[in-house]
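**Q** Just dropping this structure here.
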C-alpha cells in the first residue's frame with residue numbers, strides 16, 4: 001500500500017479525549033498486512049511512558065507494568081481492519097439522536113484499542129499489573145493471527161490471571177465463547193443410469209437419516225461458570241449428484257456444531273460422532289471454546305465495576321473470538337468493547353461515542369479500585 | 373469439417389454384403405452436423421431404385437413404397453455419430469472368438485442403417501408398405517433432431533401403423549420406452565449465523581422428509597402391452613448452503629422419475645407432486661414414454677419373425693429413445709438393431725457381425741412373409 005507522506009503520530013495520550021483518539025486511529029489506514037504505520041505510531045506513543053515496558057514482535061506491540069501486584073490482567077485488541085469501503089476518513093455523525101463515530105474500524109475494533117491506549121498511559125498505578133496488547137492480522141487467516149504468533153513465540157508476554165479482549169460487545173461483558181467444529185458426513189452408494197435405478201444405490205437417499213437426525217436434534221443450553229451457552233448443530237452445506245440421469249454414489253453433508261465451553265474439542269467431536277453413529281464422519285475444522293472464568297479470583301470486581309458504569313450484567317458470547325486463544329493458554333477471558341458487533345465489516349460501520357467513553361470509564365474504575 | 377476429395381459413393385445395394393455395407397457407412401465420417409456427404413450418398417444410392425419414392429429434408433432422406441398394402445411400417449435410423457475417437461477407419465476383428473466390426477458408428481447406429489439400406493433396395497414387394505427413414509442430428513440437442521424436424525414439417529412422411537427404430541438392442545426387440553420427468557423439490561428456511569442457529573430455520577434439515585420419502589419409495593413394475601416396465605424415482609442432485617457458518621435458507625433436491633409408458637407426462641407430474649405433497653415442486657424437464665404396441669395388428673408377425681431368426685422374445689426398453697417421437701405421432705414403435713447399447717459412444721465401440729446379419733434376416737423374413 002502507499003506509504004503516507006509523513007509517518008503518522010498519535011496525540012499525547014494523557015491529553016487526548018478517548019473518542020478523538022479513536023478517530024485518529026481510524027484515520028491511519030491499517031488493513032490487515034499494512035498495520036506497520038499504526039504499530040509504529042503506537043510503539044512511539046507508549047515507549048516514553050515511564051511505568052511501561054514496551055515490547056514488539058512484527059506489528060504487535062506489548063506494553064506492561066511491573067508493579068508487583070498479586071494479579072495480572074491482559075487488555076488486548078487487534079489493530080488491523082478489513083478493507084476500507086469509502087468509509088474513511090472517519091466522521092462524527094448523529095444517528096437516531098445519538099453521536100456516533102462513523103467509519104471503518106470504529107466498531108472492529110479501534111474503539112477498544114483507543115480505550116486501551118488511553119488507559120495504558122494514564123493508569124500509572126493500577127490495582128492489577130496490566131499487559132496491554134496491540135496485535136496484527138486478526139481479520140485474515142487464523143495462521144497469520146498476531147495473538148497466535150505471540151502465544152507461540154512469547155507465551156510469557158501473555159501470561160495473566162484474566163484477559164479482557166476489546167472486541168465490540170456493545171459495551172457489555174460477553175464471557176468466553178462457544179467452541180466450533182466442522183464435520184462432513186458422507187454417504188456412499190453405487191452409481192447407475194436412472195433409467196435402471198434399481199441397479200444402483202442412491203447416496204442422496206442414504207442421507208435421509210442424517211438429515212432426520214439433524215432435524216430432530218435438540219440443542220443444549222449449558223450453564224458454564226454462571227453463563228448459559230446455547231449450542232447449535234446445523235447442516236451448513238449438502239452436495240450430491242453428478243448428472244441428471246445418474247444415480248449418485250456419494251453425498252456429503254457438512255455440519256457445524258457450536259458447543260458450550262464446558263466441552264473440549266475432543267468431547268465435541270465424540271458427541272458429533274455419536275449423533276451420526278453408523279455414518280462416515282470426517283472432521284475438517286475445529287476450535288475449542290473458552291470458559292468465561294467469571295468466578296476466578298478478582299474477576300467479580302471487574303464485573304461489578306462494569307455494572308456500576310453501564311448497568312449491564314455479563315452475557316455469554318456465542319461467536320468464536322480470540323478469547324479462545326487466551327483460554328488455550330489457561331487465561332480466562334471476556335469480550336468487552338464499544339460497538340455493535342453486527343456492524344463490524346459493514347459499509348455503514350459506526351460506533352456510539354458514549355460506548356467508547358463507557359468502556360474507558362468502566363475499565364478505569366476496575367483498575368483503580370482497590371489500588372494501593 | 374474437411375470435405376472429402378471425392379464424393380463418397382455407396383456400393384451397389386443389391387450386390388453388397390450387409391456387413392461390408394456397414395463398413396462403408398462407418399468410413400464416411402458423419403459426426404452430427406456433418407452428415408451431408410453420407411446423406412448425399414444414401415440419396416444417390418436410393419434414387420434409382422424403381423419401387424421407391426425418395427424424399428429429402430436437410431440431411432434426412434426418406435424412401436417409401438407405394439404398393440397399396442393395408443399396413444405401413446417405418447424402418448428408421450439416424451446417420452450421425454458422436455465424434456470419432458481414433459476408431460476409424462473401421463476394421464473387422466475377432467473379439468472373444470467372434471467376428472466384430474470395430475469402429476465409430478458400428479453400434480450407434482450404422483449397422484441398423486446398413487440393414488435398412490440393404491433391405492430398402494432389395495425388397496421390391498414387401499408384405500407391408502415401408503417407409504425407410506435416414507435422419508440427422510440424433511446425437512445432439514433434442515431441438516436439432518432430424519426425426520423431430522420431419523415430424524414437425526412432414527408428419528405425413530412418418531405416417532405408419534408400426535415403426536422399427538434400428539437403435540442397438542443386441543438384435544433383440546426392445547419395445548417402447550419409459551418416460552422421464554425431472555423436478556426440483558425446494559425447501560426454504562431463514563438464514564442465520566450458526567453461532568446463533570436458533571434464530572434461523574435450516575432449509576437442509578427441512579429436506580429430511582424429502583429424502584425420507586425418496587428412500588421409502590417403492591418403485592412400480594407395470595405391465596404395458598405385455599412388457600413389464602420398471603420405474604424409478606431417484607434423487608440426482610442436492611444442493612444447499614452458502615457458507616460454513618451460515619444456517620442455509622434454501623435447499624434443492626433434483627429428482628428424476630422414470631415412468632412406465634402407461635402413464636402420460638401429466639400423470640407422471642401429478643404422481644411426483646403427490647409423493648412430495650406439502651413441498652414446493654417445480655418441473656424442469658420431461659418427455660413422455662412410448663407404449664410398445666406389440667399387440668397392434670400385424671406386430672405379432674414381426675415378433676414371430678424375429679424370434680424365428682434370433683430365438684429371442686421382446687423386452688422393455690428402459691432408456692428414452694426416439695421411439696418416443698413415433699409414440700407422440702400415434703405410431704407404436706420398437707427398438708431393434710445390432711450392437712450392445714453399452715458400447716455406444718465408447719472408444720472401443722464394436723458390433724458382432726452376426727448381429728448385423730441376424731437383424732437383416734429377421735426384418736427380411738417379416739417383410740416378405742405373407743407378401744403377395
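Chains as they are written, first to last, in my numbering: chain E, 1 to 372; chain B, 373 to 744. Glycine is no exception: its CB is placed at the ideal position from the N, C-alpha and C atoms. Fair warning: this is a prediction, and the values are worked out from it, not measured in the lab.
1) Please report whether the beta-carbon of residue 205 of chain E lies at a distance below 8 Å from any beta-carbon of chain B.
2) How would you label residue 353 of chain E, buried or exposed, when you count the other beta carbons within 10 angstroms and need 16 or more for buried?
3) Just checking: is the beta-carbon of residue 198 of chain E within a distance shorter than 8 Å of some beta-carbon in chain B?
4) Using Cβ-Cβ distances below 9 Å, what residues of the region 584–614 of chain B are close to chain E?
5) Between which two residues does the beta strand (DSSP E) holding residue 722 of chain B run?
6) Does the count of Cβ pairs from the region 148–168 of chain E and the region 333–340 of chain E closer than 8 Å reach three?
7) Nearest CA to the CA of residue 745 of chain B: which residue from B:688, B:728, B:713?
8) Would a check of beta-carbon distances place residue 650 of chain B closer than 8 Å to chain E?
9) Closer than 8 Å, CB to CB, is residue 700 of chain B near chain E or not?
10) Taking 8 Å as the threshold (beta carbon to beta carbon), is residue 183 of chain E in contact with chain B?
11) Could one say the Cβ of residue 189 of chain E lies closer than 8 Å to chain B's Cβ atoms, at least one of them?
12) Would residue 209 of chain E and residue 608 of chain B qualify as a contact pair, given that the criterion is a beta-carbon distance under 8 Å?
13) How should residue 373 of chain B be labelled, buried or exposed, when 16 other C-beta atoms within 10 angstroms of its C-beta is the threshold for buried?
14) Can the beta-carbon of residue 613 of chain B be found less than 8 Å from the beta-carbon of residue 254 of chain E?
15) Taking C-beta to C-beta, are residue 350 of chain E and residue 19 of chain E nearer than 8 Å?
16) Starting from the C-beta of residue 362 of chain E, find all residues in its chain whose C-beta is less than 7 Å away, skip the five residues before and the five after it, and write them out in chain order.
17) Taking residue 258 of chain E as part of the beta strand (DSSP E), name the residues at either end of that continuous run.
18) For the region 631–639 of chain B against the region 582–596 of chain B, are there 3 or more C-beta pairs whose distance is under 8 Å?
19) Taking only beta-carbon atoms, is residue 693 of chain B less than 8 Å away from chain E?
20) Identify whether residue 671 of chain B lies in helix, strand or coil by the three-state DSSP scheme.
21) Please indicate yes or no: does the CB of residue 409 of chain B lie closer than 7 Å to some heavy atom of the ligand PLP?
22) Could you list which residues in chain E have their beta carbon closer than 8 Å to that of residue 567 of chain B, in chain order?
23) Counting only Cβ pairs nearer than 9 Å, list the residues of chain E close to residue 616 of chain B.
24) Below 8 Å between beta carbons: does that hold for residue 519 of chain B and residue 694 of chain B?
25) Please tell me whether residue 82 of chain E and residue 183 of chain E are closer than 8 Å, where the distance is taken between their beta carbons.
26) Applying the 10 Å Cβ sphere with the 16-neighbour rule, what's the burial state of residue 21 of chain E?
27) For residue 245 of chain E and residue 439 of chain B, I'd like the C-alpha separation in whole angstroms.
28) Should residue 224 of chain E and residue 292 of chain E be called a contact, given that it needs their Cβ atoms to be closer than 8 Å?
29) Tell me whether the region 464–479 of chain B and the region 379–388 of chain B touch, counting them as touching only if at least three CB pairs, one residue from each stretch, are closer than 8 Å.
30) Residue 155 of chain E: buried (16+ other C-beta within 10 angstroms of its C-beta) or exposed?
31) What number of angstroms, rounded off, separates the C-alpha of residue 106 of chain E from the C-alpha of residue 371 of chain E?
32) In the DSSP assignment, find the alpha helix (DSSP H) that holds residue 524 of chain B and state where it starts and stops.
33) What is the DSSP secondary structure of residue 279 of chain E, counted as helix, strand or coil?
34) Taking Cβ positions only, does residue 620 of chain B come closer than 8 Å to chain E?
35) Indicate whether at least one CB of chain B lies closer than 8 Å to the CB of residue 17 of chain E.
**A** In this structure, then:
1) Numbered from 1 along the first chain, position 205 holds the residue referred to as residue 205 of chain E. Residue 205 of chain E counts as touching chain B.
2) As a first step, residue 353 of chain E must be located in the first chain, where it is residue number 353. Buried.
3) By 1-based counting over the first chain, the position of residue 198 of chain E is 198. So, interface residue.
4) 584, 585, 586, 587, 588, 589, 591, 602, 603, 604, 605, 606, 607, 608, 609, 610, 611, 612, 613, 614
5) Counted from its first residue, the second chain places residue 722 of chain B at position 350. From DSSP, the beta strand (DSSP E) with residue 722 of chain B extends over 722–724.
6) yes
7) Outside the displayed span of chain B (373 to 744) sits residue 745 of chain B, for which this structure offers no information.
8) Position 278 of the second chain, counted from the start, is the residue given in the question as residue 650 of chain B. Output row for residue 650 of chain B: interface = no.
9) Within the second chain, residue 700 of chain B is the residue found at index 328, counting from 1. No, because no Cβ of chain E sits closer than 8 Å to the Cβ of residue 700 of chain B.
10) Walking along the first chain from the start, residue 183 of chain E turns up at place 183. For residue 183 of chain E, the answer is no, since every Cβ of chain B falls outside 8 Å of its Cβ.
11) As a position in the first chain, residue 189 of chain E is number 189, starting the count at 1. So, not an interface residue.
12) As a first step, residue 209 of chain E must be located in the first chain, where it is residue number 209. As a first step, residue 608 of chain B must be located in the second chain, where it is residue number 236. Taking 8 Å as the Cβ cut-off, residue 209 of chain E and residue 608 of chain B do not qualify as a contacting pair.
13) Here residue 373 of chain B refers to the residue found at position 1 of the second chain. With a pLDDT of only 47 at residue 373 of chain B, under 50, the local geometry of the prediction cannot be trusted, and the value read off the model is given with reservation. That one is exposed.
14) In the second chain, residue 613 of chain B corresponds to position 241, counting from 1. In the first chain, residue 254 of chain E corresponds to position 254, counting from 1. Cβ distance < 8 Å, so residue 613 of chain B and residue 254 of chain E count as in contact.
15) Residue numbering aside, residue 350 of chain E sits at position 350 when the first chain is read from its first letter. Residue numbering aside, residue 19 of chain E sits at position 19 when the first chain is read from its first letter. No; because the gap between Cβ atoms is not below 8 Å, this pair is not in contact.
16) One-based indexing of the first chain puts residue 362 of chain E at position 362. Cβ within range, chain order: 305, 306, 309, 310.
17) The residue you call residue 258 of chain E lines up with position 258 of the first chain. Segment 250–259, the beta strand (DSSP E) holding residue 258 of chain E.
18) yes
19) Taking the first residue of the second chain as position 1, residue 693 of chain B is located at position 321. Not one chain E Cβ lies under 8 Å of residue 693 of chain B.
20) Against the second chain, residue 671 of chain B aligns to sequence position 299. Reduced to three states, the DSSP call for residue 671 of chain B is helix.
21) Although the ligand PLP was asked about, the structure shown includes no ligands whatsoever.
22) Position 195 of the second chain holds residue 567 of chain B. Those within 8 Å of residue 567 of chain B in chain E are 178, 180, 232, 258, 318, 319, 320.
23) The residue labelled residue 616 of chain B in the question sits at position 244 within the second chain. Those within 9 Å of residue 616 of chain B in chain E are 182, 236, 237, 254, 256, 284, 285.
24) Mapped onto the second chain, residue 519 of chain B falls at position 147. Mapped onto the second chain, residue 694 of chain B falls at position 322. For residue 519 of chain B and residue 694 of chain B, yes; Cβs fall inside 8 Å.
25) As a first step, residue 82 of chain E is located in the first chain; it is residue number 82 there, counting from the start. As a first step, residue 183 of chain E is located in the first chain; it is residue number 183 there, counting from the start. No.
26) Counting from one through the first chain, the residue named residue 21 of chain E turns up at place 21. That one is buried.
27) Residue numbering aside, residue 245 of chain E sits at position 245 when the first chain is read from its first letter. Residue numbering aside, residue 439 of chain B sits at position 67 when the second chain is read from its first letter. In a straight line, the C-alpha of residue 245 of chain E is about 43 Å away from that of residue 439 of chain B.
28) In the first chain, counting from the first residue as 1, residue 224 of chain E sits at position 224. In the first chain, counting from the first residue as 1, residue 292 of chain E sits at position 292. Going by C-beta atoms, residue 224 of chain E is nearer than 8 Å to residue 292 of chain E.
29) no
30) The count along the first chain starts at 1 and reaches residue 155 of chain E at position 155. Counting Cβ neighbours within 10 Å, residue 155 of chain E comes out exposed, since fewer than 16 surround it.
31) Within the first chain, numbered from 1, the residue matching residue 106 of chain E stands at position 106. Within the first chain, numbered from 1, the residue matching residue 371 of chain E stands at position 371. Between residue 106 of chain E and residue 371 of chain E, the C-alpha separation is close to 31 Å.
32) Against the second chain, residue 524 of chain B aligns to sequence position 152. Run containing residue 524 of chain B: 518–525, per the alpha helix (DSSP H) assignment.
33) For the purposes of this step, residue 279 of chain E is taken as residue 279 along the first chain, with counting starting at 1. Coil.
34) As a first step, residue 620 of chain B is located in the second chain; it is residue number 248 there, counting from the start. By this cut-off, residue 620 of chain B is an interface position.
35) As a first step, residue 17 of chain E must be located in the first chain, where it is residue number 17. No, residue 17 of chain E does not count as interfacial toward chain B.
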